[in-house]
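To convert a position in the sequence shown, counted from 1, into the working numbering, add 1. Each residue gets a CB set at the ideal place from its N, CA and C atoms; glycine is no exception. In this text the structure is predicted, and so the values were computed from the model without any measurement. Working notes, structure below.
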Amino acid sequence: MDIRCIQVKGSAYDVGFEHGKAMAAEIKKNYHYYMSMWLSGPEKSERALLDKASAFLPYIEGLNPAFIEEMRGVADGADLPLKQIAALNARWELNYTYLPDMLAEAAGGCTAFALTPENTGTKDTYVGQNWDYKPPLQGQCLAITIEIPNRPAVFLITEAGIIGHKGFSSSGIGIGVNFIKLGRDAAALGVPFLIKARHVLEQGSLDNCVAFLKANPSPNSGNMLIASAEGKALDVECSPGGMRVLRPQEGVLVHSNHFQELNKDDTDIGSLLLPDTFGRTARLYAHFHDAAGHVGEEKIEEGLRDHTGLPNSVCRHEDGNKPPAERWQTLVSFYANLNTRTIRYTGGPPCQSEYYRKQLV
Numbered sequence: 002m003d004i005r006c007i008q009v010k011g012s013a014y015d016v017g018f019e020h021g022k023a024m025a026a027e028i029k030k031n032y033h034y035y036m037s038m039w040l041s042g043p044e045k046s047e048r049a050l051l052d053k054a055s056a057f058l059p060y061i062e063g064l065n066p067a068f069i070e071e072m073r074g075v076a077d078g079a080d081l082p083l084k085q086i087a088a089l090n091a092r093w094e095l096n097y098t099y100l101p102d103m104l105a106e107a108a109g110g111c112t113a114f115a116l117t118p119e120n121t122g123t124k125d126t127y128v129g130q131n132w133d134y135k136p137p138l139q140g141q142c143l144a145i146t147i148e149i150p151n152r153p154a155v156f157l158i159t160e161a162g163i164i165g166h167k168g169f170s171s172s173g174i175g176i177g178v179n180f181i182k183l184g185r186d187a188a189a190l191g192v193p194f195l196i197k198a199r200h201v202l203e204q205g206s207l208d209n210c211v212a213f214l215k216a217n218p219s220p221n222s223g224n225m226l227i228a229s230a231e232g233k234a235l236d237v238e239c240s241p242g243g244m245r246v247l248r249p250q251e252g253v254l255v256h257s258n259h260f261q262e263l264n265k266d267d268t269d270i271g272s273l274l275l276p277d278t279f280g281r282t283a284r285l286y287a288h289f290h291d292a293a294g295h296v297g298e299e300k301i302e303e304g305l306r307d308h309t310g311l312p313n314s315v316c317r318h319e320d321g322n323k324p325p326a327e328r329w330q331t332l333v334s335f336y337a338n339l340n341t342r343t344i345r346y347t348g349g350p351p352c353q354s355e356y357y358r359k360q361l362v
């Protein structure tokens, strides 16, 4: 399988416009996929859904007005109203909290990891992920390099029309993101999770990333696994109750779709929906610990192609026994060497693809 890869450069509006122009057809497909899914739930009004999405715009502008300019550029480039681009960039919130009856259809299982120098043969720091989501979205996946003056260059593994997601930056920050959910997650306004991910990528240090997330608590849950070229990594489980920080075990950090730190009164919805989360996490931990101190790119790719528990494995494939709305597969696999500013990525399950290579200057 293939994945579109584009490079955009200029002002915030300009990079958004080029993104929108290059991916106009895919952005429209992406929007129609999500809107059709949302409208099959309890909310039957597209206008009402767009109003919900637009309510997030002031919070995005309050964080960084340049993000609004970039989204406006995407909208103009794709010849779509800004409200529709807002809906895509707030799709995490619309999927997981505003439309709770759609959870089984909207959720996705992912497995993310970081390796710090004590575990790698080159003494470099790595971050990576298998992003498992809906097969119909495969054609809307996007690998995009964004260069804006006076800001770190970022390489995003994202969806057409969405300006924040997982990836890495020229400042040496890399992140993976995971679906997690508590029973008490609330449908409340704030900075959308995927926009927070973009902001984290543009920070200059891991400490700055943590300070930002601490200062901007989440009304709903989401997980960020963050690593830096400083040789550090941590995982932040964001939820309405605050944030829980997890650290590497002997140079390895893995997270999937369950809370690894859970209050006794909380219900972990993610683990109920995706019980394979425990096996995927344990499998990748064991894989990297088996080669402690000598992990390299070959070992990383072997781990990301692991089929233990197939089809619900680290390298995930569609489960034909599930209804179509509840099927997931690995849409993109990636891993980044944060010291060399190099990323390798695939379109589709990594067992079926070779890894492309991209370097940020």
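- For Tyr-99, there is no enclosing alpha helix (DSSP H), as DSSP marks it with neither H nor E.
- Three or more beta-carbon pairs separated by less than 8 Å are not found between the segment 198-210 and the segment 281-288, which leaves the two stretches without contact.
- Per DSSP, Ser-171 is not a residue of any beta strand (DSSP E), being assigned neither H nor E.
- With a cutoff of 7 Å on beta-carbon distance, Leu-339 and Ala-230 are scored as near each other.
- If you draw a straight line from the Cα of Gly-294 to the Cα of Leu-116, it is about 10 Å long.
- In this structure, Asn-179 places its C-beta atom within 7 Å of the C-beta atom of Asn-224.
- The alpha carbon of Gly-74 has as its nearest neighbour, out of Leu-361, Pro-350 and Phe-18, the alpha carbon of Phe-18.
- In the structure shown, the three-state DSSP call for Gly-110 is coil.
- Excluding the 5 residues flanking it on each side, Val-201 has same chain C-beta neighbours closer than 8 Å at Ile-174, Ile-176, Cys-210, Phe-213, Leu-214, Met-225 and Ile-227, in chain order.
- The segment 5-93 contains, as complete alpha helix (DSSP H) runs of 4+ residues, the segments 13-23, 25-40, 47-55, 58-64, 66-79 and 83-90 (chain order).
- Taking 4 residues as the shortest admissible run, the segment 122-188 contains no complete alpha helix (DSSP H) segment at all.
- Boundaries for Ala-230: no alpha helix (DSSP H) harbours it, and the DSSP string shows neither H nor E there.
- For Asn-340, the secondary structure class from DSSP, reduced to helix, strand or coil, is coil.
- Between the segment 50-70 and the segment 185-192, the count of C-beta pairs closer than 8 Å reaches three or more; the two stretches touch.
- About 15 Å separates the Cβ atoms of His-256 and Ala-108, ruling out a contact at the 8 Å cut-off.
- Val-362 sits exposed, since fewer than 16 C-beta atoms from the chains shown fall within 10 Å of its C-beta.
- Per DSSP, Lys-359 is not a residue of any alpha helix (DSSP H); the beta strand (DSSP E) it occupies stretches across 357-360.
- Ranked by how close their Cα comes to the Cα of Ile-4, the residues Lys-22, Tyr-14, Gln-130 and Glu-27 have Glu-27 in first place.
- Residue range 278-290 is occupied by the alpha helix (DSSP H) that includes Gly-280.
- By the Cβ test, the segment 157-168 is not in contact with the segment 317-327, since fewer than three Cβ pairs between them sit closer than 8 Å.
- Between the beta-carbon of Trp-93 and that of Pro-193 there is about 6 Å, and that keeps the pair under the 8 Å contact cut.
- Its chain contains Cys-111, Leu-332 and Val-333 as the residues whose beta carbon lies nearer than 6 Å to that of Trp-132, once the 5 sequence neighbours on both sides are disregarded; these appear in chain order.
- When secondary structure is reduced to three states using DSSP, Cys-239 falls in the strand class.
- His-256: member of the beta strand (DSSP E) spanning 253-256, first to last residue.
- Under DSSP, Ser-334 takes part in a beta bridge, and its partners are Asn-131 and Thr-347.
- For Ala-115, the secondary structure class from DSSP, reduced to helix, strand or coil, is strand.
- Judged by their CB atoms, Met-2 and Gly-348 are nearer to each other than the 7 Å cut-off.
- Residue burial annotation: Asn-120 is buried, with at least 16 other C-beta atoms found within 10 angstroms of its C-beta.
- Using a Cβ distance threshold of 7 Å, Asn-313 and Asp-269 do not count as a contacting pair.
- The Cβ atoms of Leu-254 and Ala-234 sit closer than 7 Å to each other.
- Shown here, Gly-304 sits in a helix according to DSSP, grouped into three states.
- Rounded to the nearest angstrom, the gap between the Cα atoms of Ser-240 and Leu-183 is 8 Å.
- For Asp-208, the secondary structure class from DSSP, reduced to helix, strand or coil, is helix.
- Taking all protein chains shown into account, Arg-48 has fewer than 16 neighbouring C-beta atoms within 10 Å of its C-beta and is therefore exposed.
- Of the residues assessed, Arg-306 falls on the buried side of the cut-off, its CB having 16 or more other CB atoms within 10 angstroms.
- Just so you know, the alpha carbons of Met-38 and Ala-25 end up roughly 20 Å apart.
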